[in-house]
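Novice:
In mature numbering (1 follows the signal peptide of the UniProt record, and there is no 0), the protein residues as written are -27 to -1, 1 to 552.
Below, the structure is given as structure tokens:
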């Protein structure tokens, strides 16, 4: 039985599984600790902030571990691998490393001695042992026995056949107030959706007098192998990308960016039709994610491809009380992509211990705390925040405090008491952007989900926006509840998977092909005639095929098949241990 298979068995055996201690057969390890205040350099590939952690979260970890976090963020320092390469060459990435693991990166970190095996430091690390499946899966990826890290969004013991999120990442979210104003028209297909969005845009401009309101607004920041906006749209129909290919969540269909009848070109054509209808922001090809977010907040965008674009910027307490905000639209035929709980976590990202870190035992205790119920809540990414500050137990159930309710309604200006660190909630929120445990997983101490949006006390709450949406959407409690009730979701079972390492020749081919695909996709999407659209698609296909696309396709299809196989194994193991 290989390590991944062992990881699955360990994770799925019991939701209450706490594994036995880990010994170390390695060389003697220095566990001495001077106890002094320690500045911890965190090399964090996921962070969107650089510098010292501030505020209430900084106070919590200083009080508990006498550490201060200095976050080093490639995303802020120019992106790409330049910072990674520079620090790697110097032999010290950081004291703690949060990194992607794919395409051989984790293996390289292990082989080059940039991260340390945590095995000698595991005595008493209850919550890391609870997530042994995660470290086993990462050891398989690393290609070497040891505890080299723990994954993002673990869900030990949770059912991989159940959605791990309250809201799907990809679904058609619309300004429900304008949809209401035009009479809640049915949306039988994508062409009808364009008509509905056009009517919403006309009404919004009429109501506000602003002619710079657009139903659809896009951006380029995340483009890689394709237009990331179009990739998001494919998620409305259950597809997830693998390289330059797209696979249906259940593995029954796959296509590439070059297939004329494939999902990518179908959704690219949707954007093109929207462009011809005059509902696409002309600044789409030049603006950034931040620019787009500001426009959404200012009411200048009426459709959101992702749940995390529209809702956080419009659905404030004041707006929702007036019936204003983004909600999921009743698009017929959609099958929103959703991921099942991943017992071993999302192994594409991991948190690891830097090889040259001082006081390693203290840092492993900190990482263990991040995976504990207290740490998961305090991370406060779709979780409740610190107990006693933002939530408390009442009559045996978790409920938000007055301050917690204020944070949930609008966190930007909520002031934190001095004894908790002072400042505002937003200023003090943790900046790691790493989620140790899936927010919808069950907290063993409260017997409820970590995400307060799933608490009975919160599901009872309502407002004008929710009431109106629910009255037209099967009286669903949440977005996922609606999608499940109406059979508009398709789930990929949660499984530990990263694509195999590819050789440098294939990587170079990908880079050239990606450039051609992205450039021609944008030209096609924003073209103003069908003939122009067809011309750019033809050019994209010819260029990519001339660069050896068939080799890319084979590699991506092989990875899709391997992922589907692992998903099937996860489900079989779960069903075997939960009869």
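Beta carbons are placed, not taken as given, at the ideal position from N, Cα and C, and that holds for glycine.
Suppose the cutoff is 7 Å on Cβ atoms and the five residues either side in sequence are ignored; what does the same chain contact list for residue 334 look like?
Specialist: Excluding sequence neighbours, residue 334 sits near 4, 6, 94.
Novice: How is the beta strand (DSSP E) around residue 546 delimited, first residue to last?
Specialist: It is not in any beta strand (DSSP E) - residue 546 instead sits in the alpha helix (DSSP H) that spans 522 to 550.
Novice: Looking at the secondary structure, which residues open and close the beta strand (DSSP E) in which residue 443 lies?
Specialist: Looking at the DSSP string, residue 443 is not in any beta strand (DSSP E); the run it does join, the alpha helix (DSSP H), is 437 to 445.
Novice: What separation, rounded to the nearest whole angstrom, lies between the Cα atoms of residue -4 and residue 339?
Specialist: Because the pLDDT of residue -4 is 36, which lies under 50, any placement of that residue in the model is unreliable, and the question is left without a value.
Novice: Does residue 78 pass the burial test, meaning 16 or more other C-beta atoms within 10 Å, or should it be called exposed?
Specialist: Per the 10 Å Cβ criterion, buried.
Novice: Tell me, to the nearest whole angstrom, how far the beta carbon of residue 140 is from that of residue 128; I am working on the premise that it is less than 8 Å.
Specialist: Actually they are not in contact, since the Cβ atoms of residue 140 and residue 128 sit about 17 Å apart, beyond 8 Å.
Novice: Under 8 Å between the Cβ atoms of residue 328 and residue 87?
Specialist: A contact, by the Cβ cut-off of 8 Å.
Novice: Flag this pair as yes or no: are the beta carbons of residue 474 and residue 76 separated by less than 8 Å?
Specialist: Yes. Within cutoff.
Novice: Should residue 551 be labelled buried (16 or more other beta-carbon atoms within 10 Å of its own) or exposed?
Specialist: Looking at its Cβ environment, which holds fewer than 16 other Cβ atoms inside 10 Å, residue 551 is exposed.
Novice: So which of 479, 58, 528, 439 has the shortest CA-CA distance to residue 295?
Specialist: The option with the nearest alpha carbon to residue 295 is 439.
Novice: Give me whichever residues DSSP pairs with residue 324 in a beta bridge.
Specialist: Answer by DSSP bridge pairing, in chain order: 71, 123.
Novice: Check the DSSP bridge columns for residue 149 and list the partner residues they point to.
Specialist: Looking at the DSSP assignment, residue 149 forms no beta bridge with any residue, so it has no partner.
Novice: Does the beta-carbon of residue 85 have 16 or more other beta-carbons within 10 angstroms, so that it is buried, or is it exposed?
Specialist: Looking at its Cβ environment, which holds fewer than 16 other Cβ atoms inside 10 Å, residue 85 is exposed.
Novice: If you scan the stretch 122 to 200 from start to end, which runs of the alpha helix (DSSP H) of 4 or more residues do you find wholly inside it?
Specialist: If we require 4 residues or more, the alpha helix (DSSP H) runs fully inside the stretch 122 to 200 come out as 149 to 154, 163 to 181.
Novice: Would the beta-carbon of residue 346 fall within 8 Å of that of residue 424?
Specialist: No, the Cβ-Cβ distance between residue 346 and residue 424 is not below 8 Å.
Novice: Put residue 468 into one of helix, strand or coil per three-state DSSP.
Specialist: Note: residue 468 maps to coil in three-state DSSP.
Novice: Are there three or more Cβ pairs, one per stretch, closer than 8 Å when the stretch 270 to 288 is compared with the stretch 145 to 165?
Specialist: A contact exists between the stretch 270 to 288 and the stretch 145 to 165.
Novice: Taking the straight line between their C-alpha atoms, what separation do you get for residue 344 and residue 223?
Specialist: Looking at the two C-alpha atoms, the distance is approximately 30 Å.
Novice: Nearest CA to the CA of residue 544: which residue from 132, 305, 203?
Specialist: Ranking 132, 305, 203 by Cα distance to residue 544 puts 132 first.
Novice: Using 8 Å for Cβ pairs, my map puts residue 68 next to residue 330. What's the rounded Cβ distance?
Specialist: So it is a contact: roughly 4 Å between Cβ atoms.
Novice: In angstroms with no decimal places, state the Cα-to-Cα distance between residue 121 and residue 49.
Specialist: Their backbone Cα atoms lie some 26 Å apart in a straight line.
Novice: Could you tell me the boundaries of the alpha helix (DSSP H) in which residue 17 lies?
Specialist: Where residue 17 is concerned, there is no enclosing alpha helix (DSSP H), although the beta strand (DSSP E) it sits in stretches over 11 to 17.
Novice: Near residue 284, which residues of its chain fall below 6 Å by C-beta distance, leaving aside the five closest residues on each side in sequence?
Specialist: Excluding sequence neighbours, residue 284 sits near 299.
Novice: Considering only the beta carbon of each residue, do residue 53 and residue 142 sit closer than 8 Å?
Specialist: No; because the gap between Cβ atoms is not below 8 Å, this pair is not in contact.
Novice: CA-CA distance, residue 526 and residue 407?
Specialist: Spanning the two alpha carbons is a distance of roughly 31 Å.
Novice: Which ranges does the alpha helix (DSSP H) cover as unbroken runs of at least 4 residues, wholly within the stretch 378 to 435, from first to last along the chain?
Specialist: Runs of the alpha helix (DSSP H) inside the stretch 378 to 435: 398 to 401, 429 to 432.
Novice: Using a 10 Å radius around the Cβ and a threshold of 16 neighbouring Cβ atoms, would you call residue 480 buried or exposed?
Specialist: Exposed is the call here.
Novice: On the three-pair Cβ rule with 8 Å, is the stretch 390 to 410 touching the stretch 16 to 33?
Specialist: Touching, per the Cβ criterion.
Novice: Does DSSP put residue 296 in a helix, a strand or coil?
Specialist: In this structure, residue 296 counts as coil in the three-state DSSP scheme.
Novice: By a C-beta neighbour count over all protein chains shown, 10 Å radius and 16 as the cutoff for buried, is residue 570 buried or exposed?
Specialist: The question about residue 570 has no answer, for the chain in this structure spans -27 to 552.
Novice: So what's residue 455 in DSSP terms, helix, strand or just coil?
Specialist: In the structure shown, residue 455 sits in a helix (DSSP, three-state: H, G or I).
Novice: Pull up the distance between the alpha-carbon of residue 558 and that of residue 257, whole angstroms please.
Specialist: Outside the displayed range of the chain (-27 to 552) lies residue 558, so it cannot be described from this structure.
Novice: In three-state DSSP terms, what is residue 474?
Specialist: Coil.
Novice: So the alpha helix (DSSP H) residue 355 belongs to, where does it begin and stop?
Specialist: From DSSP, residue 355 is part of no alpha helix (DSSP H); its letter is neither H nor E.
Novice: Any chance the stretch 192 to 202 sits against the stretch 483 to 499, with 3 or more Cβ pairs inside 8 Å?
Specialist: At 8 Å Cβ cutoff, the stretches touch.
Novice: Should residue 90 go down as buried or exposed, given a rule of 16 or more other Cβ atoms within 10 Å for buried?
Specialist: Under this definition residue 90 is a buried residue.
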